[in-house]
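See below for the structure under consideration.
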Amino acid sequence: EGYRLGPDGKELTVLLYHNSGWQDRLDIHELVQEYWGNVGIRMSIKTVGGHVIYPAFETGKFDLMYWHMDGVLDVRMPTMPYAFVPMDKRTIWGPKWSRAYLSGKPVTDAPKAVRDLYVWYEKMQQAPTRAERIRYGKKILRSQAENLWSIGTVSMPPHITIANQSLRNCPEVAPAAWDTFYAAPLPPEAFWFDDPARRNETLRRK
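Its first residue numbered 6, the sequence shown is counted upward by one per residue in the working numbering.
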């Protein structure tokens, strides 16, 4: 089996911290492990708890970390684009820049491409119109495309929900994302039962 060498001349190996609370992500990590192994990168997976994961976020003391890509829909992108801008303690890439930014100090040791992100992020927050917010948001996303600050893997699996066949105004397909707080766009008070008996039962409970 062939393997790649790192800058130090040794075999290129990385250690991924897997959050024990997110077992459904383990399959994704094993796919990445297989894909990277095929191109000569040896990846090990270590399952740890939040008491290890979150301090590692803030200190940057890890080889490889992962997070679901929230903060990307239009409802949260203007305020929490931490997948693309190192502006939050949950930003996995550039944690030292994140700490400096959160402390209120100028991030002077970052390359210009990163410093530009802070300028666009702040202007996006302050923009008085939707068109301006979109303009600065596109600049941030263009930087992500050019620099790959965050590397995507695969999409989340669908969330299966079972509904009674007499339930009405319940869509067959709906977004399930942290950005929309999962079921928040589907308020249960907008549902009703087409079965009169079930409808009366609901009214009695109220």
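Even for Gly, the Cβ is constructed at its ideal location relative to N, Cα and C.
Just so we're clear, the structure is a prediction, and the values are computed from it rather than from any experiment.
So residue i packs on residue j, CB below 8 Å; how close in whole Å?
i	j	result
H34	L20	Not a contact, Cβ separation roughly 12 Å.
A195	N174	5 Å
P116	Y106	14 Å between Cβ atoms; not a contact.
Please go through the same chain and pick out, in chain order, the residues whose beta-carbon is closer than 6 Å to the beta-carbon of residue i, but skip the five residues on each side of it.
i	result
S25	T52, G54
D200	S171
E177	none
W183	D75
Could you tell me if the beta carbon of residue i falls within a distance shorter than 8 Å of some heavy atom in the ligand NAP?
i	result
D114	The ligand NAP is absent from the structure shown, which contains no ligands of any kind.
Can residue i and residue j be called in contact, C-beta distance under 9 Å?
i	j	result
T134	P100	no
R9	I50	no
I97	Y71	yes
F67	R95	no
D93	S103	yes
L31	H23	yes
M85	L69	no
Output needed for residue i: all residues of its chain with C-beta closer than 8 Å, excluding positions within five of it in sequence on either side, in chain order.
i	result
P190	A179, P180
V57	Y22
Based on DSSP bridge pairs, tell me the residues matched to residue i.
i	result
E16	L10
Y22	K51
R173	W197
L69	L21
Once the 5 residues before and after residue i are set aside, which same chain residues still bring their CB inside 7 Å of it?
i	result
A88	M74, G76, V77, S155
R138	P83, M129, A132
M38	Contrary to the premise, residue 38 reads as Gln rather than Met in this sequence. So the qualifying residues of the chain are M48, I50.
A118	S148, N152
I167	none
How about the region 143-155 and the region 108-123: do they share at least three Cβ pairs that are nearer than 8 Å? Yes: at least three Cβ pairs fall under 8 Å.
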